[in-house]
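Residue numbers (my numbering), protein chains in the order written: chain A, 1 to 156; chain B, 157 to 312.
Working notes, structure below.
2 protein chains.
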Amino acid sequence: MSRSSSSRFTKQAYPEQAFGPPLIGALLRRPWEAVQRRMLERLHDRGFDDLDAAHLTVFQYPGPQGAKPSELATRLRVSKQALNYLLGELERLGYLERRPDPDDLRSKRVALTKRGTSVAMLMREAVTEVEREWAEQLGPRRFGQLRDLLHELDGG
Amino acid sequence: MSRSSSSRFTKQAYPEQAFGPPLIGALLRRPWEAVQRRMLERLHDRGFDDLDAAHLTVFQYPGPQGAKPSELATRLRVSKQALNYLLGELERLGYLERRPDPDDLRSKRVALTKRGTSVAMLMREAVTEVEREWAEQLGPRRFGQLRDLLHELDGG
DNA sequence: CGTAGTGGTAAAGTGACTTGACCATAACGC
DNA sequence: GCGTTATGGTCAAGTCACTTTACCACTACG
Numbered sequence: 001m002s003r004s005s006s007s008r009f010t011k012q013a014y015p016e017q018a019f020g021p022p023l024i025g026a027l028l029r030r031p032w033e034a035v036q037r038r039m040l041e042r043l044h045d046r047g048f049d050d051l052d053a054a055h056l057t058v059f060q061y062p063g064p065q066g067a068k069p070s071e072l073a074t075r076l077r078v079s080k081q082a083l084n085y086l087l088g089e090l091e092r093l094g095y096l097e098r099r100p101d102p103d104d105l106r107s108k109r110v111a112l113t114k115r116g117t118s119v120a121m122l123m124r125e126a127v128t129e130v131e132r133e134w135a136e137q138l139g140p141r142r143f144g145q146l147r148d149l150l151h152e153l154d155g156g
Numbered sequence: 157m158s159r160s161s162s163s164r165f166t167k168q169a170y171p172e173q174a175f176g177p178p179l180i181g182a183l184l185r186r187p188w189e190a191v192q193r194r195m196l197e198r199l200h201d202r203g204f205d206d207l208d209a210a211h212l213t214v215f216q217y218p219g220p221q222g223a224k225p226s227e228l229a230t231r232l233r234v235s236k237q238a239l240n241y242l243l244g245e246l247e248r249l250g251y252l253e254r255r256p257d258p259d260d261l262r263s264k265r266v267a268l269t270k271r272g273t274s275v276a277m278l279m280r281e282a283v284t285e286v287e288r289e290w291a292e293q294l295g296p297r298r299f300g301q302l303r304d305l306l307h308e309l310d311g312g
């Protein structure tokens, strides 16, 4: 499903699109969705089928390891209650633990379990897999350009 | 692996990240989220504050104009009931109508109202705005490269 | 024309989220 | 020190966006 036929969005059903060509929004969205789908696919392949897209946001780069729940909530732009709910799920499923923060008695720190670390690694592998495919499609030099340009946008 | 020392994600809170540099997944995700946020921001600025991110998926390129609900559901990867729910909302709020399909009496077609068309145009403006900023940051030539590379990935 | 398939909707249930409240600790004023 | 404000986390209750299930209308196919 990685290559799909070209321009699968131009079916007869949209003969007269009021809009012009896709802007950068759509162009970023679709590859990103492809990455996301691949990650979930691989996780389910390997038996982690109690995870869904919502859980994955927690594992999103750079991952929750060592983070304080409230920090994570800010980073992921969800309320701390919503995040706490997710952390509860993930803890119940054995992917992480919430441990007391030695430096702040109010606070906790997220610690990935072995199972949680596997998920993080699998996600990374899935992305690497897609990277390889894209590098093949664009050629390594141009893929490198793409990554550099995105990285620069990102503030690197 | 401790490059990206200038990255805003390397706060003291994550001194020993288990992962390396961001892979293409994160690099795509973050600019895309920036675009998404800008769109919602502009819509709310202009008084369309009864819309949220979920509604926007319906307006996502290439937009719902003329589409059959079930078609849209497939495209957006949601169940047809969930989509129908969203369409109901958007119809109630005056952004679109569901009209009978002349060619298939079972089917409907989505027709944007004037209000709905405004939203589509505003979204497009917001993206264009971001494009301009990025073109300035990267330089027009390199921004063009970025767009072309993404377009090629997309199957263009 | 009968039977399977497709498009759409309604109804009920669920659960991921919200808002609001609360307690414990920390940081800062004096 | 001691009171005040801010921060971190959690619980409880309510909500609503979605799911599942079912169903009807129409179409396609033999």
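Heads up, the beta-carbon is just placed ideally off N, CA and C, and yes, glycines get one too.
Item	Value
With a threshold of 7 Å on Cβ separation, who are the neighbours of Thr113/A within its own chain once the five nearest residues in sequence on each side are excluded?	Gly94, Tyr95, Leu96, Glu97
Which residues does DSSP pair with Pro256/B in a beta bridge?	Lys264/B
Determine the closest residue to Ala54/A out of Arg106/A, Pro102/A, Gly88/A, Phe143/A, with distance taken between C-alpha atoms.	Gly88/A
For a contact defined as C-beta to C-beta under 8 Å, what are the partners of Gln286/B on chain A?	The amino acid occupying residue 286/B in the given sequence is Val; Gln does not appear at that position. Those within 8 Å of Val286/B in chain A are Ile24, Gly25.
With burial defined as no fewer than 16 other Cβ atoms inside 10 Å of the residue's Cβ, what is the status of Asp201/B: buried or exposed?	exposed
So which residues of chain B does Leu28/A contact, with C-beta pairs closer than 8 Å?	Leu184, Pro187, Trp188, Val191, Leu306
Checking contacts by CB at 8 Å: is Asp310/B closer than that to chain A?	yes
Measuring only the C-alpha atoms, how far is Arg265/B from Pro220/B?	9 Å
Are three or more beta carbon pairs between the segment 289-297 of chain B and the segment 134-146 of chain A nearer than 8 Å?	no
Count the other CB atoms, across all protein chains shown, that sit within 10 Å of the CB of Ser103/A; report buried if there are 16 or more and exposed otherwise.	In the sequence as displayed, the identity of residue 103/A is Asp instead of Ser. The residue is exposed, with fewer than 16 neighbouring Cβ atoms inside 10 Å.
Quick one: residues in its chain with C-beta nearer than 6 Å to the C-beta of Arg38/A, no 5 flanking neighbours on either side, listed in chain order?	Ala126, Val130
Could you give the residue range of the alpha helix (DSSP H) that holds Pro69/A?	69-76
Interface residues of chain A around Arg303/B at Cβ under 8 Å?	Ile24, Leu27
Could you pull out every residue in the same chain whose Cβ sits closer than 8 Å to the Cβ of Asp101/A, ignoring the five residues on either side in sequence?	Lys68, Ser107, Lys108, Arg109
Using three-state DSSP, classify Arg202/B as helix, strand or coil.	coil
Beta-carbon of Tyr61/A versus every beta-carbon of chain B: anything under 8 Å?	yes
How many Å lie between Arg288/B and Ile24/A at the Cα?	11 Å
Please classify Ser7/A: does DSSP put it in a helix, a strand, or coil?	Note that Ser7/A scores a pLDDT of 27, beneath 50, so its modelled location is shaky and nothing firm can be said.
Compare the C-beta of Arg141/A against all C-beta atoms of chain B and say whether one is closer than 8 Å.	no
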